[in-house]
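**Student:** Protein chains in written order, with this note's numbering: chain A, 4 to 229; chain U, 4 to 229. Where is the CB? At the ideal position from N, CA and C, for every residue including glycine. Predicted model only: the values in this text are computed from it and were never measured.
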DNA sequence: CTGTAAAGATAGTGATACTATCTTAATAAA
DNA sequence: TTTATTAAGATAGTATCACTATCTTTACAG
């Protein structure tokens with residue numbers, strides 16, 4: 004069985020759909036490599052074009068600018084993660100177990116999903132940790148939001164919020180707790196690696212400790228034993 | 004009594020101390036206005052120079068580049084907030100009350116401190132919400148950290164971590180909970196304003212609800228009634 | 001055989017992120 | 001009073017960035 008997972012992206016995210024051509028796929032694949040390696044600030048379309056043996060103008064036919072490409076990558080990641088969450092929590096009845104599964108998916112190193120040929124999820128995960136928030140921390144956030152560019156992120160947040168309410172229907176802040184889990188899964192990881200004194204995981208640098216922290220945070224808030 | 008609060012900044016944050024000259028103070032004052040207005044991405048030394056009637060080269064004598072200036076502003080803000088925390092929690096014995104005070108200081112709109120003449124803390128607070136994380140979410144974070152550029156942030160985090168342990172000496176993640184409170188005080192505020200569906204405060208857009216969320220989060224985790 | 005569209009090739013523009021140098025102004029030491 | 005020092009203004013210059021425009025080639029579909 005040779006399954007390909009394809010994620011349908013909002014058309015406003017690009018000028019020309021990168022999934023529909025070889026050049027488009029190369030843009031995605033190599034932008035991930037380049038941003039992972041040098042960071043988003045140092046990333047330019049010129050360098051990317053050089054890497055894939057195309058031209059700057061060629062890349063501008065797919066994406067308006069590099070910020071739009073970043074939004075595309077984050078949107079792709081959150082869509083893929085929602086798919087993972089749906090898949091992995093399928094057939095699990097207990098919402099507490101489901102929520103633990105989600106925390107694990109958020110906070111644990113992602114393995115490359117071979118069914119998505121040109122996206123290396125493990126690199127993309129690292130990009131999201133360091134650059135993900137920059138997609139929305141801008142002056143343009145409201146306009147971009149009107150174009151539904153952050154829908155995958157908001158969808159995932161809504162799913163987690165629902166799961167939280169399933170664990171405790173009386174909890175008052177399901178959406179805020181959901182966005183807290185998502186962001187902290189990444190921030191605590193970044194801190195652990197780069198600014199360890201901001202965490203309690205400096206010694207071992209072990210992701211499973213982040214998972215335990217988040218579980219403790221969530222289930223204490225929900226007054227649920229886990 | 005005419006008290007001036009001056010914050011001693013790490014010398015690596017600048018090339019020439021902006022607090023020691025009129026031009027330096029203008030750079031700080033107007034960079035805050037400009038970043039507040041247009042965001043950090045659109046901010047350039049050229050525009051700033053034009054605003055204050057100086058030259059680009061003049062500003063480069065104070066700061067290596069605009070990223071360093073952002074780090075300076077964030078460091079200044081965290082130092083000032085640590086001072087606020089120390090001041091406001093002085094003479095309070097109960098660590099729970101202290102912690103509530105800190106959450107309030109973190110999550111509530113800051114008023115301009117008239118004792119700091121050329122820094123508008125309320126604008127700076129807004130800048131920190133949107134741009135603050137960009138100071139450290141870079142490829143250079145480790146080098147910058149070695150130069151102790153993030154010390155004020157880490158100091159504040161350590162203070163909050165201590166306070167958390169005072170509330171519950173058995174709690175296992177004081178530092179991670181501290182950094183979570185700090186970041187979420189800002190993120191929930193940003194979400195509330197710009198992406199309200201990620202929070203439970205969309206209706207009223209009231210900061211006091213963020214405070215209640217954070218208090219619930221913290222004191223549930225610490226198993227302390229508040 | 002022709003029309004269409006993607007992509008390559010090339011050029012150009014204005015802004016950005018600096019660096020360099022020279023001059024002037026202010027102040028402080030000799 | 002002269003001289004040395006330093007900050008700041010004035011001006012210029014460069015490489016890169018972030019695009020935009022146009023023209024040609026290639027591919028493939030009708």
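Less than 8 Å between the C-beta atoms of residue 123/U and residue 10/U, yes or no?
**Tutor:** Contact flag unset, no.
**Student:** Take the Cβ of residue 146/U as the centre, count every other Cβ of all protein chains shown within 10 Å, and call the residue buried at 16 or more, exposed below.
**Tutor:** Counting Cβ neighbours within 10 Å, residue 146/U comes out exposed, since fewer than 16 surround it.
**Student:** Is the shortest distance between the beta-carbon of residue 41/U and the beta-carbons of chain A less than 8 Å?
**Tutor:** So, interface residue.
**Student:** I need the DSSP call for residue 156/U, collapsed to helix, strand or coil.
**Tutor:** Helix.
**Student:** Go ahead and label residue 127/U buried or exposed: buried means 16 or more other beta carbons lie within 10 angstroms of its beta carbon, across all protein chains shown.
**Tutor:** The residue is buried, with at least 16 neighbouring Cβ atoms inside 10 Å.
**Student:** Closest to residue 144/U by CA distance: which of 211/A, 24/A, 32/A and 193/A is it?
**Tutor:** It is 193/A whose Cα lies nearest to the Cα of residue 144/U.
**Student:** If you pair each beta-carbon of the region 46-54 of chain A with each one of the region 76-83 of chain A, do three or more pairs fall below 8 Å?
**Tutor:** Short answer: they don't touch.
**Student:** Check whether the Cβ of residue 177/U lies closer than 8 Å to any Cβ atom in chain A.
**Tutor:** True, the Cβ-Cβ gap to chain A drops below 8 Å.
**Student:** Please confirm whether residue 217/A and residue 188/A have their CB atoms less than 8 Å apart.
**Tutor:** Yes, the Cβ-Cβ distance between residue 217/A and residue 188/A is below 8 Å.
**Student:** Around the C-beta of residue 224/A, are 16 or more other C-beta atoms found within 10 angstroms, so that it is buried, or is it exposed?
**Tutor:** Flag for residue 224/A reads buried.
**Student:** Given a cut-off of 8 Å on the beta-carbon distance, is the pair residue 118/A and residue 31/A in contact?
**Tutor:** The answer is no: Cβ separation not under 8 Å.
**Student:** Are the CB atoms of residue 78/A and residue 177/A within a distance shorter than 8 Å?
**Tutor:** No; because the gap between Cβ atoms is not below 8 Å, this pair is not in contact.
**Student:** Given a cut-off of 8 Å, decide if residue 62/A and residue 109/A are closer than it, judged by their beta-carbon atoms.
**Tutor:** Going by C-beta atoms, residue 109/A is not nearer than 8 Å to residue 62/A.
**Student:** Just by C-beta distance, which residues in the region 185-202 of chain A are closer than 8 Å to chain U?
**Tutor:** The region 185-202 of chain A vs chain U, Cβ under 8 Å: 186, 187, 190, 191, 193, 194, 197, 198, 200, 201 and 202.
**Student:** Which stretch, first to last residue, makes up the alpha helix (DSSP H) that contains residue 122/U?
**Tutor:** Premise fails: residue 122/U is in no alpha helix (DSSP H) and is neither H nor E.
**Student:** Hey, quick one: how far does the alpha helix (DSSP H) through residue 12/U stretch, first residue to last?
**Tutor:** First-last for residue 12/U: undefined, no H or E at that position.
**Student:** Can you grab the Cα-Cα spacing for the pair residue 73/A / residue 96/U, in whole Å?
**Tutor:** Cα to Cα, residue 73/A sits roughly 48 Å from residue 96/U.
**Student:** First and last residue of the alpha helix (DSSP H) that includes residue 283/A?
**Tutor:** Shown here, chain A extends from 4 to 229; a query on residue 283/A therefore has no answer.
**Student:** From residue 135/U to residue 157/A, what does the alpha carbon distance come to, in whole angstroms?
**Tutor:** Roughly 22 Å between the two C-alpha positions.
**Student:** Work out the CA separation of residue 104/U and residue 91/U for me, nearest whole Å.
**Tutor:** If I take the Cα positions, the gap works out to 8 Å.
**Student:** Is it buried or exposed for residue 87/A, if we count other Cβ within 10 angstroms and need 16 for buried?
**Tutor:** By the 10 Å Cβ count, residue 87/A comes out buried.
**Student:** For residue 228/A and residue 220/U, what's the separation of their Cα atoms in angstroms?
**Tutor:** C-alpha separation (whole angstroms): 16 Å.
**Student:** Kindly list, in the order they appear in chain U, the residues whose Cβ is closer than 8 Å to that of residue 153/A.
**Tutor:** Simply 198.
**Student:** What does the Cβ neighbour count give for residue 138/U, buried or exposed, with the cut at 16 atoms within 10 Å?
**Tutor:** With 16 or more other Cβ atoms within 10 Å, it is buried.
**Student:** Compile a chain-ordered list of the residues in the region 129-150 of chain A whose CB is closer than 8 Å to at least one CB of chain U.
**Tutor:** So the list reads 133, 134, 136, 137, 139, 140, 141, 142, 144, 145 and 148, given in the order they occur along the chain.
**Student:** Counting only Cβ-Cβ distances shorter than 8 Å, please list the residues of the region 27-51 of chain U near chain A, keeping chain order.
**Tutor:** Listed in sequence order: 41, 42, 44 and 45.
**Student:** Return helix, strand or coil for residue 145/U, following the three-state DSSP convention.
**Tutor:** Of the three classes helix, strand and coil, the one that applies to residue 145/U here is helix, per DSSP.
**Student:** How about residue 223/A: is its C-beta nearer than 8 Å to some C-beta of chain U?
**Tutor:** So, interface residue.
**Student:** Report the three-state DSSP secondary structure of residue 208/U (helix, strand or coil).
**Tutor:** The answer is coil: DSSP assigns residue 208/U none of H, G, I, E or B.
**Student:** For a cutoff of 8 Å on Cβ pairs, would you count residue 160/A as touching chain U?
**Tutor:** Yes, because at least one Cβ of chain U sits closer than 8 Å to the Cβ of residue 160/A.
**Student:** Please check the pair residue 112/U and residue 210/U, which I expect to be a contact at CB under 8 Å, by giving their CB distance rounded to whole angstroms.
**Tutor:** Yes, they are in contact, since the Cβ atoms of residue 112/U and residue 210/U sit about 6 Å apart, within 8 Å.
**Student:** Does the Cβ of residue 203/A have 16 or more other Cβ atoms within 10 Å, making it buried, or fewer, making it exposed?
**Tutor:** Residue 203/A should be labelled buried.
**Student:** With DSSP run on the structure shown, which of helix, strand or coil describes residue 45/U?
**Tutor:** Coil, per DSSP.
**Student:** In whole angstroms, what separates the C-alpha of residue 141/U from that of residue 70/U?
**Tutor:** Using only the alpha carbons, I get a separation of about 10 Å.
**Student:** May I have the straight-line CA-CA distance separating residue 17/U from residue 65/U, to the nearest angstrom?
**Tutor:** Computed Cα separation, rounded: 6 Å.
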